[in-house]
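As given, the protein sequences belong to chains C and E, one line each in that order. Position 109 of the first sequence, counted from 1, bears residue number 109 in the numbering used here, the numbering being contiguous throughout. Take the position in the second sequence, starting the count at 1, then add 1000; the result is the number in the numbering used here. The structure appears right after this line, and notes come after that.
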Amino acid sequence: GAGVSQSPRYKVAKRGRDVALRCDSISGHVTLYWYRQTLGQGSEVLTYSQSDAQRDKSGRPSGRFSAERPERSVSTLKIQRTEQGDSAVYLCASSPISGGPNEQFFGPGTRLTVL
Amino acid sequence: AQSVAQPEDQVNVAEGNPLTVKCTYSVSGNPYLFWYVQYPNRGLQFLLKYITGDNLVKGSYGFEAEFNKSQTSFHLKKPSALVSDSALYFCAVTLNSGNTPLVFGKGTRLSVIA
């Protein structure tokens, strides 16, 4: 079946603008994660939600990052007032409901460049 | 706080030779450990995980990893490297048994030379 997809694959934004990145996860998966990957720094979690509780753990670096989940298998990461330091690859991942901890299935990422 | 260290930014191996990609972790409880691989312009792909039980874990593409509690390590190994194994490798850890975020290392770039 289809894996995790993300759109757009590349995004260029002017500093100070808001951006929205979309993730379509695997049907039936419960938990959706957003990670930020930077060269030489690995990947750090930004936020995640578990569908039953709709819990959104907005995390680093501040409240500028949030995620919405309009459908069970769709998530939108919103970054407000982008900064040049937000330039990175944003990875979406999902995992199933069965007893964990489960492997996470990752999308190809969206490369964001903030000018 | 949980953390993962991958001490080598780059590992070079000749094709056919055994390879090892190192990972050490720091957690305050029992860790759940993962290895992922990333090819250019692709997302992270799951290789293997250690939850409990046998310290030697076998995964995809002939890779295996050994959990060593006393050394807090989880090194990735393969007996005979292929050129197609060249990629970025990430070690990750979580403390929780449910679906919670992973803490990743910075990654190690593996180059297998023909």
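Glycine included, each C-beta is placed from N, C-alpha and C at the ideal position.
Beta-carbon proximity list for residue i, same chain, < 7 Å, skipping 5 on both sides
i        : result
Tyr-90/C : Leu-21, Trp-34, Arg-36, Leu-77, Gly-109, Thr-110 and Leu-112
Closest by C-alpha distance to residue i, when choosing among the options
i          : options                                           : result
Val-114/C  : Tyr-10/C, Val-4/C and Gly-3/C                     : Tyr-10/C
Pro-96/C   : Lys-14/C, Gly-42/C and Thr-31/C                   : Thr-31/C
Pro-1040/E : Val-1112/E, Leu-1095/E, Leu-1088/E and Asn-1099/E : Leu-1088/E
Ile-79/C   : Lys-14/C, Glu-71/C, Arg-72/C and Ala-2/C          : Lys-14/C
Gly-85/C   : Gln-6/C, Ala-67/C and Leu-39/C                    : Leu-39/C
Gly-1029/E : Phe-1063/E, Ser-1084/E and Val-1093/E             : Val-1093/E
Arg-69/C   : Ser-43/C, Ser-94/C and Ala-88/C                   : Ser-94/C
Asn-1068/E : Pro-1031/E, Ser-1060/E and Gly-1062/E             : Pro-1031/E
Glu-44/C   : Glu-103/C, Ala-88/C, Phe-105/C and Asn-102/C      : Ala-88/C
Leu-1050/E : Ala-1065/E, Ser-1086/E and Asp-1085/E             : One point to set straight first is that residue 1050/E is Tyr, not Leu, in the sequence displayed. Here the closest residue by C-alpha is Ala-1065/E.
Short Cβ contact (7 Å threshold) for residue i with residue j
i          : j          : result
Val-1057/E : Leu-1047/E : no
Trp-1035/E : Leu-1076/E : yes
Ala-1081/E : Glu-1008/E : no
Val-4/C    : Ser-27/C   : no
Phe-1090/E : Leu-1033/E : no
Lys-1106/E : Leu-1019/E : no
Asn-1017/E : Ser-1111/E : no
Gly-107/C  : Gly-1098/E : no
Residue i - DSSP class collapsed to helix/strand/coil
i          : result
Val-4/C    : coil
Gln-84/C   : helix
Gly-109/C  : coil
Tyr-1032/E : strand
Ser-27/C   : coil
Gly-42/C   : strand
Val-1112/E : strand
Ser-1060/E : helix
Ala-13/C   : strand
Ser-1086/E : coil
Ala-53/C   : With a pLDDT of only 47 at Ala-53/C, under 50, the local geometry of the prediction cannot be trusted, and no value is derived from it.
Pro-96/C   : coil
Residues near residue i by beta carbon distance below 8 Å, same chain, minus five either side
i          : result
Gly-1053/E : none
Ile-1113/E : Asn-1012, Val-1013, Ala-1014, Glu-1015 and Val-1083
Spatial neighbours of residue i in its chain, beta-carbon cut-off 6 Å, leaving aside the 5 residues before and after
i          : result
Thr-1024/E : Ala-1005, Thr-1072 and Ser-1073
Gly-16/C   : Arg-81
Ser-7/C    : Arg-22
Gln-1010/E : Arg-1109
Leu-1102/E : Ala-1092 and Thr-1094
Proximal chain A residues relative to residue i, where beta-carbon distance stays under 9 Å
i         : result
Val-114/C : This model lacks chain A altogether; the protein chains it does include are C and E.
Requested in this report: Taking only beta carbons into account, state which residues of the stretch 37-48 of chain C come closer than 7 Å to chain E, listed in chain order.
Outcome: Cβ contacts with chain E: Gly-40, Gln-41, Gly-42, Ser-43, Val-45 and Tyr-48.
Query raised in the report: Using Cβ-Cβ distances below 7 Å, what residues of the stretch 72-103 of chain C are close to chain E?
Result: Flagged, chain order: Leu-91, Ser-95, Gly-100, Pro-101, Asn-102 and Glu-103.
Query - Residues of the stretch 1013-1047 of chain E with Cβ closer than 8 Å to any Cβ of chain C, in chain order - result: The residues in question are Tyr-1032, Phe-1034, Tyr-1036, Asn-1041, Arg-1042, Gly-1043, Leu-1044, Gln-1045 and Phe-1046.
**Report entry** chain C contacts from the stretch 1055-1073 of chain E (Cβ-Cβ distance under 8 Å)
**Finding:** none
**Report entry** Members of the stretch 7-19 of chain C that neighbour chain E once the beta carbon cut-off is set at 8 Å
**Finding:** none
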